[in-house]
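Asks:
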Amino acid sequence: MNARVLPLYATIAIFLIAYLICYIQFPAMLSTRVIGNLLTDNAYLGIVAVGMTVVILSGGIDLSVGSVIAFAGVFIAVLLRDTGMHPLVAFVLLLAVTTAFGAAMGGLIHILEMPPFIVTLAGMFLARGAAYMLTIDSVPIDHVFYDEVLQDAYWRMPGGGRLTLIGVLMLLSVLGGMILAHRTRFGTAVFALGGGQHTAGLMGVNVGRTTILIYAFSGFMAGLSGIVFSIYTGSGYPLATVGTELTAIATVVIGGTLLTGGSGFVFGTLIGVLTMGLIQTYIVFDGTLSSWWTKIAIGLLLLLFILLQKGLLHLGNRQRNRTA
Amino acid sequence: MLLTARDLTKTFPGTVALDGVRFDLKAGEVHALLGENGAGKSTLIKCLTGVYTRDAGEITLDGQPISPASTLEAQELGIGTVYQEVNLLPNLTVAENLTFGRQPTRFGMVSGRQMRAEAEEMLAGYGLDHVNVGRELGAYSVAVQQIVAIARAVALSGKVLILDEPTASLDARETETLFDVVRGLRERGLGIVFISHFLDQVYDLSDRLTVLRNGQHIVTAEASDLGRVDLIHHMLGHELEEAEGRKVGRKAGAELLCFDGLARRGKVEPFDLTVREGEVIGLAGLLGSGRTETADVLFGQTPPDRGTAKDGNGTVDLGSPRAAIAAGFGYAPEDRKTDGIIADLSVRENIALALQARRGWAKPIPRAEQRALAEKYIRALDIRTSDAEKAVGDLSGGNQQKVVLARWLAMNPRFLILDEPTRGIDVGAHAEILKLIGELTDEGMSILLISSEFDELIAASDRVIVVRDRAHVSELVGEEIETGRIIKAIASHEQGAAT
Chain A
68 MNARVLPLYA
78 TIAIFLIAYL
88 ICYIQFPAML
98 STRVIGNLLT
108 DNAYLGIVAV
118 GMTVVILSGG
128 IDLSVGSVIA
138 FAGVFIAVLL
148 RDTGMHPLVA
158 FVLLLAVTTA
168 FGAAMGGLIH
178 ILEMPPFIVT
188 LAGMFLARGA
198 AYMLTIDSVP
208 IDHVFYDEVL
218 QDAYWRMPGG
228 GRLTLIGVLM
238 LLSVLGGMIL
248 AHRTRFGTAV
258 FALGGGQHTA
268 GLMGVNVGRT
278 TILIYAFSGF
288 MAGLSGIVFS
298 IYTGSGYPLA
308 TVGTELTAIA
318 TVVIGGTLLT
328 GGSGFVFGTL
338 IGVLTMGLIQ
348 TYIVFDGTLS
358 SWWTKIAIGL
368 LLLLFILLQK
378 GLLHLGNRQR
388 NRTA
Chain X
91 MLLTARDLTK
101 TFPGTVALDG
111 VRFDLKAGEV
121 HALLGENGAG
131 KSTLIKCLTG
141 VYTRDAGEIT
151 LDGQPISPAS
161 TLEAQELGIG
171 TVYQEVNLLP
181 NLTVAENLTF
191 GRQPTRFGMV
201 SGRQMRAEAE
211 EMLAGYGLDH
221 VNVGRELGAY
231 SVAVQQIVAI
241 ARAVALSGKV
251 LILDEPTASL
261 DARETETLFD
271 VVRGLRERGL
281 GIVFISHFLD
291 QVYDLSDRLT
301 VLRNGQHIVT
311 AEASDLGRVD
321 LIHHMLGHEL
331 EEAEGRKVGR
341 KAGAELLCFD
351 GLARRGKVEP
361 FDLTVREGEV
371 IGLAGLLGSG
381 RTETADVLFG
391 QTPPDRGTAK
401 DGNGTVDLGS
411 PRAAIAAGFG
421 YAPEDRKTDG
431 IIADLSVREN
441 IALALQARRG
451 WAKPIPRAEQ
461 RALAEKYIRA
471 LDIRTSDAEK
481 AVGDLSGGNQ
491 QKVVLARWLA
501 MNPRFLILDE
511 PTRGIDVGAH
521 AEILKLIGEL
531 TDEGMSILLI
541 SSEFDELIAA
551 SDRVIVVRDR
561 AHVSELVGEE
571 IETGRIIKAI
581 ASHEQGAAT
């Protein structure tokens with residue numbers, strides 16, 4: 068079997084087995100309601116994780132996204148409160164800002180040859196600080212368009228589950244990410260950077276342009292995630308989504324993407340997000356478990372996947388020695 | 091002429107890397123480029139392929155003057171390069187690597203099927219029918235990757251193919267496969283520049299040879315007109331004055347170590363070596379011939395995968411440098427800047443390093459003891475430093491080398507390997523280090539001395555072992571140790587590695 072897709076299969080298998088265990092214990096968990104909620108509750112995480120997947124595939128990391136989501140919520144809330152702007156215009160403005168922010172970080176990473184960790188760490192503080200500059204309170208979003216269109220749009224699935232607008236947005240993001248990463252020249256360039264920046268350059272990748280585009284894409288997805296989060300919560304709060312960047316990284320790794328870059332699947336990230344959501348749902352169903360068990364389960368899953376990747380690497384080397 | 095370079099000059103701060111070099115390449119020939127370290131081979135290649143911009147001179151391709159500013163531009167002009175380290179991406183599929191940058195797209199999306207078809211077409215004729223272009227490149231052997239890299243370079247460029255040590259990590263069978271591919275390309279009318287340290291391979295494959303030395307063009311000749319001995323003379327440029335063997339008639343000590351059939355696949359062929367007490371064994375050979383590889387195997391840096399090592403008490407473990415140190419081995423590597431010293435640490439810390447490692451980090455050597463140790467060796471080896479706390483990076487090359495030596499002497503090893511101990515240090519320090527080698531062996535230490543300077547080997551060694559094409563080919567003792575014989579041993583070829 069191709070060693071490259073093995074982590075993806077492992078992720079899917081673990082998700083299905085976990086779902087089976089949940090179903091045996093709580094048959095009600097196999098319903099479109101639960102699935103609908105799973106998609107809705109994790110929509111913002113899924114969207115930002117797609118951006119993170121592309122960044123990690125290129126061998127980078129983006130620590131700023133959690134703060135950018137919070138900034139996005141506050142930015143929209145304040146804009147809608149203080150001006151008569153239509154939300155859609157605010158969205159366009161916001162996406163322009165976060166995309167430019169990501170592009171700027173990508174530019175710094177390339178031009179100054181700085182590690183993405185440091186540059187995006189600075190970006191994390193900057194975006195969080197910018198959110199605080201706008202407001203220090205939780206600002207409710209009170210707009211007709213929000214109440215009657217965005218938050219109320221859903222399609223009733225058979226069985227009574229609601230497939231919400233933001234859930235659909237997440238699925239579309241994953242689809243878009245899949246096409247971008249696996250079906251375009253840009254995607255190949257991303258994988259090439261993850262395989263080795265110097266070699267990628269020698270093979271004709273425009274390293275600077277690609278790096279900037281990668282972080283711009285992550286910034287765009289973080290902005291989109293912020294919009295979805297504001298629809299989900301109906302407010303903007305500068306202290307929101309602290310640590311979400313790390314959760315996103317965790318879902319990417321659980322989804323079978325190599326943290327060192329160059330190998331992975333966007334679809335795996337979706338499964339990673341759903342696995343995480345599933346654990347949370349289980350804990351809610353159980354009712355007696357503390358929500359901190361989510362963290363423990365995620366920690367164990369991460370460990371498992373890192374070990375799995377090490378093992379696969381070893382297997383791949385052996386395979387090569389055999390063909391050699 | 092397909093490609094010509096005239097009066098090519100390239101200067102770096104402090105050195106003239108290329109000094110009016112000329113080079114030409116016909117279509118349908120393999121032209122070998124030869125020279126020792128620092129001869130200017132890679133600078134010439136980098137000027138041809140646009141990595142460097144030349145300071146002066148002219149390059150023409152098909153009669154048109156060219157000035158490539160990047161490897162990509164050189165590629166588009168028709169000059170493709172394949173390096174020793176395969177410059178492809180192991181995490182992408184073979185097809186992606188082959189078509190990279192020109193993947194067929196439909197509606198902006200890469201068409202996987204069309205891409206694989208194109209890749210298979212590109213690989214046709216290279217004897218890689220068993221390769222599945224849909225699998226990632228890293229799943230295949232280096233030889234296959236190398237041929238894929240050639241296929242890509244030929245498809246992209248198609249006029250000039252530069253092979254920079256393509257066989258360095260291939261075994262004999264793989265090399266032959268590669269050579270068949272290269273011969274096929276020669277038939278198709280490509281001009282091929284071939285760089286290799288393996289003389290057998292050079293003579294096996296090349297139509298013409300060009301030798302560079304110290305950034306200057308020395309000779310260009312038909313391969314059939316230039317014998318091996320002459321070639322090596324051109325490469326080394328030795329005046330062939332006989333240095334005097336210092337130790338002629340020295341009595342050999344008791345047997346200390348006995349290495350039997352040690353080898354490491356792809357690094358060094360099986361060799362036997364017996365080390366006597368108080369003896370200096372010289373290791374002579376051209377660059378890339380297996381000198382350093384031998385040292386790496388003996389010190390467990392790349393542990394041997396065959397053979398045994400024994401001393402008076404039984405088997406010696408060469409599984410890791412740690413084990414070798416425990417067995418009383420020491421190794422001062424060739425590139426002291428990257429492998430030997432830690433430039434930011436002080437003289438004292440650098441000297442105490444290996445001793446501390448052997449004691450284990452839980453038992454720190456008291457500072458006073460470290461100081462005493464450092465003072466002792468600063469005096470014994472005459473290390474010129476203001477004091478023991480100075481950072482080693484601030485010392486001169488010769489003194490840095492002495493610090494590396496001091497570190498191992500502090501361990502009191504019985505067998506010390508010195509790889510190019512005098513490279514890049516001034517003449518005075520040079521003589522001091524040679525004198526030191528003599529004193530150490532007088533005290534009973536055994537030393538393996540690796541050097542490109544034949545004079546140095548002749549002056550210091552009791553025995554000289556000649557290495558060629560990763561195998562130990564000859565051993566010279568006492569009176570036999572002279573430049574002429576060493577060169578002959580390097581040039582001889584009874585059993586070619588690539589034939």
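Protein chains in written order, with this note's numbering: chain A, 68 to 391; chain X, 91 to 589. Idealized CB from N, CA, C, for every residue including glycine. Predicted, not measured: the structure shown is a model, and the values here were computed from it.
Measure the C-alpha to C-alpha separation of G228 (chain X) and I156 (chain X) and round it to an integer number of angstroms.
Replies: To locate residue 228 (chain X), count along the second sequence from 1; it is residue 138. To locate residue 156 (chain X), count along the second sequence from 1; it is residue 66. Approximately 35 Å between the Cα atoms of the pair.
Asks: Report back the beta-carbon spacing between L566 (chain X) and V554 (chain X) to the nearest angstrom; my notes put them in contact at under 8 Å.
Replies: Here residue 566 (chain X) refers to the residue found at position 476 when the second sequence is read from its first residue. Here residue 554 (chain X) refers to the residue found at position 464 when the second sequence is read from its first residue. So it is a contact: roughly 5 Å between Cβ atoms.
Asks: On the criterion of 16 or more Cβ atoms from any shown chain inside 10 Å, does F284 (chain A) qualify as buried, or is it exposed?
Replies: If you number the first sequence from 1, residue 284 (chain A) lands on position 217. Label assigned to F284 (chain A): buried.
Asks: Which residue spans inside the stretch 284-333 of chain X form an unbroken alpha helix (DSSP H) run of at least 4?
Replies: With a minimum length of 4 residues, the continuous alpha helix (DSSP H) runs that stay inside the stretch 284-333 of chain X are 289-295, 318-326.
Asks: Comparing alpha-carbon positions, which option in A:A77, A:T318, A:L73, A:D353 lies nearest M343 (chain A)?
Replies: Here residue 343 (chain A) corresponds to residue number 276 of the first sequence, with the count starting at 1. Among A:A77, A:T318, A:L73, A:D353, the Cα nearest to that of M343 (chain A) is on A:T318.
Asks: Whole angstroms are fine: how far does the CA of R396 (chain X) sit from the CA of G118 (chain X)?
Replies: If you number the second sequence from 1, residue 118 (chain X) lands on position 28. If you number the second sequence from 1, residue 396 (chain X) lands on position 306. Between G118 (chain X) and R396 (chain X), the C-alpha separation is close to 42 Å.
Asks: Could you name the residues of chain X that T324 (chain A) contacts, counting a contact when the two beta carbons are closer than 9 Å?
Replies: As a first step, residue 324 (chain A) is located in the first sequence; it is residue number 257 there, counting from the start. Here the premise fails: no neighbours, minimum Cβ distance about 12 Å.
Asks: Below 8 Å on C-beta distance, what does Q193 (chain X) contact in chain A?
Replies: Along the second sequence, read from residue 1 onward, the residue named residue 193 (chain X) stands at position 103. Here the neighbours are R252, T255.
Asks: Determine the DSSP secondary structure at D593 (chain X), reduced to helix, strand or coil.
Replies: A query on residue 593 (chain X) cannot be resolved here, the shown segment of chain X reaching from 91 to 589 and no further.
Asks: Is A243 (chain X) near L213 (chain X), with beta carbons less than 7 Å apart?
Replies: The sequence position of residue 243 (chain X) within the second sequence is 153, counting from 1. The sequence position of residue 213 (chain X) within the second sequence is 123, counting from 1. In this structure, L213 (chain X) does not lie closer than 7 Å to A243 (chain X) by Cβ.
Asks: Here's the rule I'm using: 16 or more other beta-carbon atoms within 10 Å means buried, otherwise exposed. How should G335 (chain X) be labelled?
Replies: Looking up residue 335 (chain X) in the second sequence gives position 245. With a pLDDT of 49 at G335 (chain X), under the threshold of 50, the predicted position of this residue should be treated as unreliable, and no value is reported.
Asks: If the criterion is Cβ atoms closer than 7 Å, does the pair H121 (chain X) and V292 (chain X) meet it?
Replies: The residue given as residue 121 (chain X) occupies position 31 in the second sequence. The residue given as residue 292 (chain X) occupies position 202 in the second sequence. Taking 7 Å as the Cβ cut-off, H121 (chain X) and V292 (chain X) do not qualify as a contacting pair.
Asks: Determine the direct distance from the alpha carbon of L73 (chain A) to that of E312 (chain X), and round the result to whole angstroms.
Replies: Taking the second sequence and counting its residues from 1, one reaches residue 312 (chain X) at position 222. Taking the first sequence and counting its residues from 1, one reaches residue 73 (chain A) at position 6. Their Cα atoms are separated by approximately 54 Å.
Asks: How long is the line joining the alpha carbons of N109 (chain A) and L345 (chain A), rounded to whole angstroms?
Replies: Residue 109 (chain A) sits at position 42 when you count from the first residue of the first sequence. Residue 345 (chain A) sits at position 278 when you count from the first residue of the first sequence. Using only the alpha carbons, I get a separation of about 10 Å.
Asks: Thinking just about the alpha-carbon of each residue, which of A:I178, A:G263, A:S240 is nearest to the one in L291 (chain A)?
Replies: Walking along the first sequence from the start, residue 291 (chain A) turns up at place 224. Checked all of A:I178, A:G263, A:S240; the closest Cα to L291 (chain A) is A:S240.
Asks: To the nearest angstrom, how far is the alpha carbon of A464 (chain X) from that of L388 (chain X)?
Replies: As a first step, residue 464 (chain X) is located in the second sequence; it is residue number 374 there, counting from the start. As a first step, residue 388 (chain X) is located in the second sequence; it is residue number 298 there, counting from the start. Those two C-alpha atoms are separated by around 28 Å.
Asks: For F93 (chain A) and V101 (chain A), what's the separation of their Cα atoms in angstroms?
Replies: Your numbering for residue 93 (chain A) matches position 26 in the first sequence. Your numbering for residue 101 (chain A) matches position 34 in the first sequence. Approximately 11 Å between the Cα atoms of the pair.
Asks: Report the residue ranges of all alpha helix (DSSP H) runs contained in full by the stretch 91-177 of chain A; include only those spanning at least 4 residues, in chain order.
Replies: Whole alpha helix (DSSP H) segments, 4+ residues: 99-108, 110-124, 132-149.
Asks: Please name the residues in the stretch 274-294 of chain X whose beta-carbon is closer than 8 Å to at least one beta-carbon of chain A, in chain order.
Replies: The stretch 274-294 of chain X vs chain A, Cβ under 8 Å: nothing.
Asks: Would you grab the beta carbon distance between M270 (chain A) and F190 (chain X) for me? Rounded to a whole angstrom, and I think it's under 8 Å.
Replies: In the first sequence, counting from the first residue as 1, residue 270 (chain A) sits at position 203. In the second sequence, counting from the first residue as 1, residue 190 (chain X) sits at position 100. Correct: roughly 5 Å between the Cβ atoms.
Asks: Compile a chain-ordered list of the residues in the stretch 260-271 of chain A whose CB is closer than 9 Å to at least one CB of chain X.
Replies: Flagged, chain order: G261, G262, G263, H265, T266, A267, G268, L269, M270, G271.
Asks: Going by C-alpha distance, which of X:T101, X:A107, X:F102, X:L151 is nearest D114 (chain X)?
Replies: Position 24 of the second sequence, counted from the start, is the residue given in the question as residue 114 (chain X). Checking every option, the nearest Cα to that of D114 (chain X) belongs to X:L151.
Asks: Can you tell me where the alpha helix (DSSP H) holding G110 (chain X) begins and where it ends?
Replies: Residue numbering aside, residue 110 (chain X) sits at position 20 when the second sequence is read from its first letter. Run containing G110 (chain X): none in the alpha helix (DSSP H); it sits in the beta strand (DSSP E), 105-115.
Asks: Per DSSP, what kind of secondary structure is G418 (chain X) in: helix, strand or coil?
Replies: Position 328 of the second sequence holds residue 418 (chain X). Three-state result, G418 (chain X): coil.
Asks: Which of the three DSSP states, helix, strand or coil, is assigned to D484 (chain X)?
Replies: Translated into positions along the second sequence, residue 484 (chain X) becomes position 394. In the structure shown, D484 (chain X) sits in a helix (DSSP, three-state: H, G or I).
Asks: Ends of the alpha helix (DSSP H) at A277 (chain X)?
Replies: By one-based count along the second sequence, residue 277 (chain X) stands at place 187. The sequence shown places Glu at residue 277 (chain X), rather than the Ala named in the question. Segment 262-277, the alpha helix (DSSP H) holding E277 (chain X).
Asks: Taking Cβ positions only, does F197 (chain X) come closer than 7 Å to chain A?
Replies: Here residue 197 (chain X) is taken as the residue at index 107 of the second sequence, counted from 1. No, its Cβ sits nowhere closer than 7 Å to a Cβ of chain A.
Asks: By Cβ distance, which residues of its chain are closer than 7 Å to T99 (chain X), with the 5 residues on each side in sequence left out?
Replies: Numbered from 1 along the second sequence, position 9 holds the residue referred to as residue 99 (chain X). So the list reads L108, D109, G110, R144, D145, A146, G147, once near-sequence residues are dropped.
Asks: Against chain A, does N177 (chain X) count as a neighbour if the rule is that its beta carbon must be under 7 Å from one of theirs?
Replies: Stepping through the second sequence from its first residue, residue 177 (chain X) is reached at position 87. It does; some Cβ of chain A falls within 7 Å.
Asks: Mind checking Y86 (chain A): buried by the 16 CB within 10 Å criterion, or exposed?
Replies: Locating residue 86 (chain A) in the first sequence gives position 19, where the first residue counts as 1. By the neighbour-count rule (16 or more Cβ atoms within 10 Å), Y86 (chain A) is buried.
Asks: With DSSP collapsed to three states, give me the class of R504 (chain X).
Replies: Numbered from 1 along the second sequence, position 414 holds the residue referred to as residue 504 (chain X). Coil, per DSSP.
Asks: Grouping DSSP H, G and I as helix and E and B as strand, with all else coil, what is T327 (chain A)?
Replies: Looking up residue 327 (chain A) in the first sequence gives position 260. Residue state, collapsed to three classes: coil.
Asks: CB R560 (chain X) to CB V358 (chain X), shorter than 7 Å?
Replies: The residue labelled residue 560 (chain X) in the question sits at position 470 within the second sequence. The residue labelled residue 358 (chain X) in the question sits at position 268 within the second sequence. Contact: yes.
Asks: So, for A198 (chain A): in the same chain, excluding its five sequence neighbours on each side, which residues have a beta-carbon less than 6 Å away from its beta-carbon?
Replies: Within the first sequence, the letter at position 131 stands for residue 198 (chain A). Counting only Cβ-Cβ distances below 6 Å, and skipping sequence neighbours, we find A137, F138, V141, P305.
Asks: Buried or exposed: W222 (chain A), going by 16 or more other Cβ atoms within 10 Å of its Cβ?
Replies: Mapped onto the first sequence, residue 222 (chain A) falls at position 155. W222 (chain A) comes out exposed.
Asks: Using the rule of at least 16 other Cβ atoms within 10 Å of the residue's Cβ for burial, across every protein chain shown, is V211 (chain A) buried or exposed?
Replies: Residue 211 (chain A) sits at position 144 when you count from the first residue of the first sequence. So V211 (chain A) ends up on the exposed side.
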